[in-house]
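Chemist: Residues in the sequence shown are numbered from 30 upward in steps of one, following our numbering. Glycine residues also receive a C-beta, built at the ideal position from the N, C-alpha and C atoms. Note that the structure is predicted; figures quoted are calculated from it, not measured. Take a look at the following structure, please.
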Amino acid sequence: MLWGRTGWRIPPEEMRTMVSGKRTRTARMLAVATALAIAGTALAGCAPADGRETVRFTFSKREAIDFMTKVVDDYNASQDKVRVEIDTSGVDVVSASFVRGNPPDLMLANYNFEVARFVQRCALTDLSDTEAAGRIRKDLKPLLDQYGVCPGKTTVLPYSVMAASVIYNKEIFAKYGIEVPKTWDELIAACDTLKAAGVSPFYATLKDNWTIGQGWYDYAVGGEVPVVDFFKRMNAEGTNVGPSSETSFSKDFAKPVEQMTQLIKNYTQPNAASQAYVDGNLAFAQGKGAMYLQGPWAFGEIAKTSPDLQLGSFPLPMTDDPKDLKVRVNMDLAAMIPTGSHHQKAARDFLAYLYQPEVIEAYNASQLGFAPTTDAKMPTDPRIEGMIPYYTDGAVYQGASVLVPKTIPVFNYVQAIALGGDVKSTLSTMDADWARAAFLAPKLPSDTKGSAK
């Protein structure tokens, strides 16, 4: 390059070379684009070869991919109008597809705040007129609405409800003459009996913070606090949550969290702080604890070591009134059809197939889940039968740990408490985090005044 009156300039011979290079690159790009266009036209002309309409179906539960793939294959073989293609690439890819304007045609996904963003932004179609929607239990709607709504529309249908509670070793209970406790006092009495016999009442895995959050914390809070009502009030408080607000973590959660620490301090095994989830599954399978605060997903892991171990489940009693007993649930799978889908009618046809009783009930039985339909048969697995009366009666709650913004590290906080941290100061920190999240939250079509979502 040379320096001229107007600054650096490119010599003519270099300019000719650059122009020539640009022309060559442009020609190459045009050639590639033309080739791709021809190939795309050819593919479009022959795909699908059988003339079926293609529905892209995303499915997010890794443990059930084989089962759902078989469902898709059976559906494809049952008719000749629609071909469903299953995509198991995960929620991150799905989120990106919404941004690109190319969402899936049908989604079955774990229902949480990440997925609920599509509901809050009204990016999903209204399914209220489907036959499936008419069969969904009405008492599940408040649980769905905790994550947000698209006003005036039913854009999400639950497909699988996972219930979780205390897992207990029936053989140990029988050996020491212990009945399933239904009150706090009965629970403490059972723990004292086991401890006196040299048995760890609870096997805890405090090394993994999520096991404290979804187990100890959620069971303790849900067994004493009306979770749906609490978070409605927290949303209404919004940025006002703090020492002077009528509702707060500090005021409403202090008692159950203190009870949680009492159980951990007095009735868990000595090495609880160093044990992770995998350690707990093995130890519990070996009979090293009488109770285990995990969900049904742990049954399969326990069975790898002790396939014949007699296990059951019951809700953690936190008060002295058996009427307060409830089990923790989460919407393990929910069905959605995006507004951006170009194959909504075909997607609805597959949706109807998924909700046929023989399909939805078989799926839930395979995963130890509960079908959300009014006409569904209850599970028959003895390991979860103790939760059936509570699910049937609607005595359920969603875990408090999953109903807060992701910016609040609730698992870290409850782990700190479980390891000896101060309950009052930690809950006060959560109050401050909630108020901050409410202040920073973007306004969405489904927002109400003061919502922290």
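Starting from T87, follow its DSSP beta bridges and name the residues at the other end.
Modeler: Per DSSP, D116, M136.
Chemist: Using only CA atoms, which one of K374, T348, V431, L338 lies nearest to N198?
Modeler: Looking at the Cα atoms, L338 is the closest of the given residues.
Chemist: Could you tell me the distance, in whole angstroms, from the CA atom of M238 to the CA atom of R377?
Modeler: Reading off the sequence, residue 238 comes out as Asn, not Met. Their Cα atoms are separated by approximately 40 angstroms.
Chemist: In the structure shown, what three-state DSSP assignment does S107 receive?
Modeler: Three-state DSSP puts S107 in a helix.
Chemist: Leaving aside the five residues before and after L469 along the sequence, list all residues of the same chain whose C-beta is less than 6 angstroms from its C-beta, in chain order.
Modeler: So no residue of the chain qualifies.
Chemist: Measuring alpha carbon to alpha carbon, tell me which of A192, W245, A405, L322 ends up nearest V443.
Modeler: With distances taken between Cα atoms, V443 lies closest to W245.
Chemist: Is D349 buried or exposed, if buried means 16 or more other CB atoms sit within 10 Å of its CB?
Modeler: Classification for D349: exposed.
Chemist: Which residue marks the beginning of the beta strand (DSSP E) containing Y197, and which one marks its end?
Modeler: Unbroken beta strand (DSSP E) run through Y197: 186-198.
Chemist: In terms of residues, what are the limits of the beta strand (DSSP E) holding R357?
Modeler: R357 -> beta strand (DSSP E) spans 356-365.
Chemist: Can you check whether the C-beta of A400 is within less than 9 angstroms of a C-beta belonging to chain D?
Modeler: Absent from the structure: chain D. Only one protein chain is present.
Chemist: Report, in whole angstroms, the separation of the C-beta atoms of L340 and I446, which I expect to be a contact under 8 angstroms.
Modeler: At roughly 28 angstroms, the Cβ-Cβ gap does not stay under 8 angstroms, so L340 and I446 are not in contact.
Chemist: Alpha carbon to alpha carbon, how far is L223 from K294?
Modeler: Going from the Cα of L223 to the Cα of K294 covers about 15 angstroms.
Chemist: Leaving aside the five residues before and after R465 along the sequence, list all residues of the same chain whose C-beta is less than 6 angstroms from its C-beta, in chain order.
Modeler: Counting only Cβ-Cβ distances below 6 angstroms, and skipping sequence neighbours, we find nothing.
Chemist: Flag this pair as touching only if the segment 136-143 and the segment 362-371 have three or more C-beta atom pairs under 8 angstroms; answer yes or no.
Modeler: Touching, yes.
Chemist: My output table needs one value for Q9: the three-state DSSP class, helix, strand or coil.
Modeler: Outside the shown range of the chain, which is 30 to 482, sits residue 9, and nothing can be said about it.
Chemist: Identify whether S335 lies in helix, strand or coil by the three-state DSSP scheme.
Modeler: It is coil, neither helix nor strand.
Chemist: With DSSP as the reference, label V433 as helix, strand or coil.
Modeler: Three-state result, V433: coil.
Chemist: Got a sec, what are the start and stop residues for the beta strand (DSSP E) Y306 sits in?
Modeler: Y306 -> not in any beta strand (DSSP E); alpha helix (DSSP H) instead, spanning 306-314.
Chemist: For E82, which three-state DSSP category applies?
Modeler: Three-state result, E82: strand.
Chemist: How do the segment 177-195 and the segment 143-157 stand: do at least 3 beta-carbon pairs fall below 8 angstroms, yes or no?
Modeler: These segments touch.
Chemist: If you draw a straight line from the C-alpha of T455 to the C-alpha of F202, how long is it?
Modeler: In a straight line, the C-alpha of T455 is about 35 angstroms away from that of F202.
Chemist: Considering Q149, what are the terminal residues of the beta strand (DSSP E) in which it resides?
Modeler: Careful: Q149 lies outside any beta strand (DSSP E), inside the alpha helix (DSSP H) at 142-149.
Chemist: Closest by CA to E143, which one among N441, V452, K435?
Modeler: Closest by alpha carbon: K435.
Chemist: Going by DSSP in three states, Y384 sits in which element: helix, strand or coil?
Modeler: In this structure, Y384 counts as coil in the three-state DSSP scheme.
Chemist: Please look up how many angstroms separate the CB atoms of S172 and Q396, rounded, as I've assumed it's under 8 angstroms.
Modeler: Just to set this straight, residue 172 is Leu in the shown sequence, not Ser. With 8 angstroms as the limit, L172 and Q396 do not qualify as a contact, their Cβ atoms being about 18 angstroms apart.
Chemist: Given Y296, which residues of its chain have a CB within under 6 angstroms of its CB, disregarding the five upstream and five downstream residues?
Modeler: Counting only Cβ-Cβ distances below 6 angstroms, and skipping sequence neighbours, we find C220, P230, F231.
Chemist: As an exercise, report each continuous alpha helix (DSSP H) stretch of at least 4 residues that is fully enclosed by the segment 202-234, in chain order.
Modeler: As far as the segment 202-234 is concerned, its whole alpha helix (DSSP H) runs of at least 4 residues are 213-225.
Chemist: Between the Cα of P484 and the Cα atoms of F313, P351, Q323, which residue gives the shortest distance?
Modeler: Outside the modelled stretch of the chain, which goes from 30 to 482, sits residue 484, for which no answer is possible.
Chemist: Could you give the DSSP three-state label for L340: helix, strand or coil?
Modeler: Note: L340 maps to strand in three-state DSSP.
Chemist: Between D79, F440, M97, which lies nearest to T87 when the distance is taken from Cα to Cα?
Modeler: The residue with the shortest Cα to Cα distance from T87 is M97.
Chemist: Which residue comes first and which comes last in the beta strand (DSSP E) that contains M407?
Modeler: That residue, M407, is in no beta strand (DSSP E); it is neither H nor E in DSSP.
Chemist: Could you check which residue in M289, V113, R412 has the C-alpha nearest to that of F328?
Modeler: Residue R412 is the option with its Cα nearest to F328.
Chemist: Taking the alpha-carbon positions, what's the Y392 to P418 distance?
Modeler: Using only the alpha carbons, I get a separation of about 21 angstroms.
Chemist: Measuring only the C-alpha atoms, how far is D404 from L292?
Modeler: Those two C-alpha atoms are separated by around 39 angstroms.
Chemist: Mind checking which residues open and close the beta strand (DSSP E) that includes L322?
Modeler: That run of the beta strand (DSSP E) goes 320-323.
Chemist: What did DSSP end up calling Q427 once you bin it into helix, strand or coil?
Modeler: Of the three classes helix, strand and coil, the one that applies to Q427 here is strand, per DSSP.
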